[in-house]
Structure formats: C-alpha cells, structure tokens
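Numbering (the working numbering), first residue to last: 227 to 364.
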C-alpha cells in the first residue's frame, strides 16, 4: 500500500470513528429533546415551533459537553469555542425551523404527519450541526 493510500485509509477510519461518536452522542441528546418535543406537542398541545424550541434548549448543555469531550475530544476550555457552539446551534436550529415549516405544510396535520415533520427537521439539524462543529467550532 502506498503512503498516500494508507493516509486516505487512516482519514476514512478517523472520520468513521468521529461520525460514530457524533451519532451516539446525538442519539442520546436527540432522545432527550424528541421526548420533550413529542410530550409537549402531543401531550400538552404546545404549538410545534415552541415545542421544538424548548426541546432543543434543554439539550444545549448536554450537547456541548458530549460534543466537546466525547465526540471531538477537545478538553480545552474556551469562551470563543462556546460562543461558536451557540452560533452553530442557532444556524442549525434556523434550518430546522425552515424544514419544520416546509415539511409541516407539505405533510399535513395528523399526529403522525406532525411527528414526521419533526423528524425531518431533526435530521436537517443533525447534519448541518455536524458540519459546523467539525469545520468551525472544534
């Protein structure tokens, strides 16, 4: 194997490990947030955007700790990094809200359709957040 090919193999392996850790952390944080979102929207009749905002707000601190320590393994403390994290969250959440509105308009208003719209919005958030965290924050 050539050194270039070996280097590419190592990069691919590192990326797989990184995305796996991100996925595990995301599953834990998403379960927390989605449980809150679904409970608020379906159980208490809270409007979908407000339910989504509350669910994501609850996950900010656990998400930062998991991403900094477990996913990207960045133990250094930095006010700048924290601010970038909040900006990345805001950008990903903005995309989430756009997708939530678009999917909600296209899918309908049954309970299953509302949850499907939330799921699509969560997926857009997750992908955009990973890219921002990897390329800009950590």
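C-beta atoms are modelled at their ideal positions from N, C-alpha and C, and glycine is treated no differently.
Within the same chain, and ignoring the five residues on either side of residue 251 in sequence, the residues whose Cβ sits closer than 7 Å to its Cβ are 292, 293, 296, 297.
With 16 or more other CB atoms across the displayed protein chains lying within 10 angstroms of its CB, residue 274 is buried.
Going by C-alpha positions, residue 339 is about 17 Å away from residue 350. The beta carbon of residue 288 sits closer than 8 Å to those of 254, 255, 258, all from its chain and outside the five residues before and after it, given in chain order. Taken through DSSP and simplified to helix, strand or coil, residue 327 comes out as helix. Counting other Cβ atoms within 10 Å of its Cβ, residue 312 stays below 16 and is therefore classed as exposed. Of all C-beta pairs linking the segment 351-362 to the segment 313-326, three or more are shorter than 8 Å, placing the two stretches in contact. C-alpha of residue 327 to C-alpha of residue 306: approximately 32 Å in a straight line.
Restricting attention to 325, 248, 279, 249, the CA atom closest to the CA of residue 262 is found in 279. The three-state secondary structure of residue 267, taken from DSSP, is helix. For the 7 Å CB-CB criterion, residue 333 and residue 347 do not form a contact. Between residue 329 and residue 363, the gap from beta carbon to beta carbon reaches 7 Å or more.
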